[in-house]
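Under numbering that gives the first Met the number 0, the first residue of the sequence shown carries the number 0, and numbering increases by one thereafter.
Yeah, the Cβ is synthetic: ideal placement off N, Cα and C, and Gly gets one too.
A short write-up of the structure that comes next.
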Amino acid sequence: MHKKVDLLVIGAGSAGRYAARSAASLGKSVLLVEKGPFGGLCILKGCMPSKALLRPAHVFHLMKHRLKDLGLSVDGSVKADIPAIVRMKNAMIREMAEDARKTIEATPGITLLTGSFSFTGPQAGLLGDTPVHFDKAVIATGSRVHVPAIPGLEEEWILTSDDVLEMEEIPSSTLVLGGGPVGLELGQYLSCLGSDVTLADTNQNWHPQTDPQLAREYLGTLASRGLNIHLGIRAEKFERGAGEKPFFSFHADGKNHKVPFDRVLLATGRRPDTSGLNLPAAQVQTTRHGHIQVDAFLRTSNHSIFAAGDVTGILPVLNLATFHGEMAGRNAVLPVPVTVREPVVPVAIFTDPEYARAGLTESMAQARRIPVKTGRISFSDLGKAIVYRETEGGLKIVIHAKSREILGVELFGPGASDLVHTVATAMHFHATIDQYQEILHIHPTFSEIFKYLADDMTEAI
0 MHKKVDLLVI GAGSAGRYAA RSAASLGKSV LLVEKGPFGG LCILKGCMPS
50 KALLRPAHVF HLMKHRLKDL GLSVDGSVKA DIPAIVRMKN AMIREMAEDA
100 RKTIEATPGI TLLTGSFSFT GPQAGLLGDT PVHFDKAVIA TGSRVHVPAI
150 PGLEEEWILT SDDVLEMEEI PSSTLVLGGG PVGLELGQYL SCLGSDVTLA
200 DTNQNWHPQT DPQLAREYLG TLASRGLNIH LGIRAEKFER GAGEKPFFSF
250 HADGKNHKVP FDRVLLATGR RPDTSGLNLP AAQVQTTRHG HIQVDAFLRT
300 SNHSIFAAGD VTGILPVLNL ATFHGEMAGR NAVLPVPVTV REPVVPVAIF
350 TDPEYARAGL TESMAQARRI PVKTGRISFS DLGKAIVYRE TEGGLKIVIH
400 AKSREILGVE LFGPGASDLV HTVATAMHFH ATIDQYQEIL HIHPTFSEIF
450 KYLADDMTEA I
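Pasting the structure below:
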């Protein structure tokens with residue numbers, strides 16, 4: 000058997016599915032191959048399962064520690080049934096993956112096959128033992144968990160994010176290495192359910208491009224809700240005395256620390272999943288970290304092959320992966336590809352409270368030598384936050400000093416992942432802060448905080 004298609008898409012995660020549907024909508028024959036299981040990172044091991052676990056964990060923490068603020072109490076003890084939480088998560092994820100599969104199978108022009116693909120040439124490869132020839136291709140194989148080699152770290156202690164999603168017993172103490180979204184979200188999940196969690200990160204300023212004041216307040220709030228956070232760690236090493244509990248020693252904040260632990264969650268990043276593809280045969284170049292290099296059209300070094308999603312090393316978030324997947328699928332089959340615009344990309348961390356941002360931070364703008372003005376406001380000044388007893392949080396907006404166009408927004412607080420779209424939408428249409436100030440907001444709402452800050456920045460009454 001031999002297959003010849005207009006477009007081959009490798010990987011049926013978010014980017015791959017959007018690429019396949021985009022090309023099929025233009026009347027092209029598409030072969031979508033997936034080594035399995037079907038669904039991609041977001042559905043199977045990322046966005047959706049982690050949020051399915053975080054929701055009950057946050058409610059559990061609220062009931063145990065914060066009901067008094069609302070004048071409420073619970074008779075008897077509040078318990079968390081971890082196996083039941085994991086079972087409910089798994090049921091939801093199976094349904095989501097099946098729905099995604101049905102959508103692909105119902106799309107005219109797409110053939111979905113399961114198997115491992117490897118290139119044998121610039122426009123050819125093998126799906127198992129079956130030769131495949133394609134006019135164009137899109138690589139969307141995503142990323143995989145990366146377990147770095149750390150001296151002294153024993154394999155029996157290690158947890159990955161995949162492991163945490165399936166755990167039915169919470170460790171009594173957990174060391175989290177890495178202060179990104181995975182470390183913070185899953186670290187808080189474990190903390191809410193009773194683990195003594197210490198999070199350590201080598202970055203002194205958390206994420207260097209964020210606003211330092213906002214970052215300090217955000218991490219301080221997470222610390223007040225149970226996380227022990229250490230930034231800028233140095234001289235770190237793992238140790239274990241005879242018959243003793245293992246511990247992690249490091250230097251931070253001018254002091255030496257020794258943190259005992261039961262398990263270590265490695266949240267130090269992911270790596271592109273290109274194993275087995277035989278990219279050299281396809282004449283596709285990668286960076287030293289293994290990411291596939293793409294140009295402004297999302298073409299690789301082989302202009303017959305495009306790439307999208309986490310495998311490219313561009314910001315690894317789903318909204319950008321689906322956008323780039325759609326554009327890669329279109330560009331691959333159009334007679335003349337179009338330059339892929341740089342969209343406004345909102346990003347979020349789904350802790351309690353949440354963190355979100357879109358566009359440029361002040362430091363990003365300064366690095367580009369863009370003159371800016373900024374404004375900030377606290378949720379403690381917001382009516383709905385006060386009556387809901389959710390006053391921890393803050394907002395910062397960055398505007399162009401001359402044109403007054405809104406360039407960026409950064410915030411943490413209740414519902415930040417939803418709120419950020421209010422300003423991201425304005426940024427998409429290149430609105431100025433003066434134009435935004437004219438928009439009416441319902442009172443009282445959390446989104447009203449943007450209106451108050453716009454009033455301050457325009458000196459409106």
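Membership of E238 in the beta strand (DSSP E) is indicated by the continuous run 233–238. Judged by beta-carbon spacing, D261 lies within the 7 angstroms limit of S171, meaning their Cβ atoms are closer than that value. By the neighbour-count criterion, in which 16 or more other beta carbons inside 10 Å mark a residue as buried, H229 falls on the buried side.
Counting along the chain, Y387 sits inside no alpha helix (DSSP H), nor does DSSP assign it H or E at all. Taking 7 angstroms as the cut-off, the Cβ atoms of G289 and G141 do not count as close. A direct Cα-Cα distance of roughly 11 angstroms separates T350 from L226. The continuous beta strand (DSSP E) containing I376 extends over residues 371–377. The beta carbon of K44 is closer than 6 angstroms to those of D161 in its chain, skipping five residues each way along the sequence. For Y354, same chain residues with a beta-carbon under 7 angstroms away, outside a window of 5 residues either side, are Y217, A347, I348, F411, A415 in chain order. The distance from the Cβ of V4 to that of V29 is about 7 angstroms, consistent with a contact at the 8 angstroms cut-off. Taking a cut-off of 8 angstroms on C-beta distances, the region 306–320 touches the region 333–347, as three or more cross pairs fall below it.
Of all alpha-carbon atoms in T209, Q365, G308, the one lying nearest the alpha-carbon of A18 is that of G308. For E104, the enclosing alpha helix (DSSP H) begins and ends at 81–104.
Looking at the DSSP output, E361 shares a beta bridge with no other residue.
Taking the C-beta atoms as reference points, L452 is found nearer than 7 angstroms to I376.
Spatial neighbours of L183 in its own chain (CB-CB distance under 6 angstroms, excluding positions within 5 residues in sequence) are listed in chain order as I348, T350. The region 51–65 and the region 177–197 touch, with no fewer than 3 CB-CB distances between them shorter than 8 angstroms.
Per DSSP, the beta-bridge partners of D200 are L230. Within the same chain, and ignoring the five residues on either side of A295 in sequence, the residues whose Cβ sits closer than 8 angstroms to its Cβ are T338, V339.
Annotated as proximal: P121 and N301, with beta-carbon spacing under 7 angstroms.
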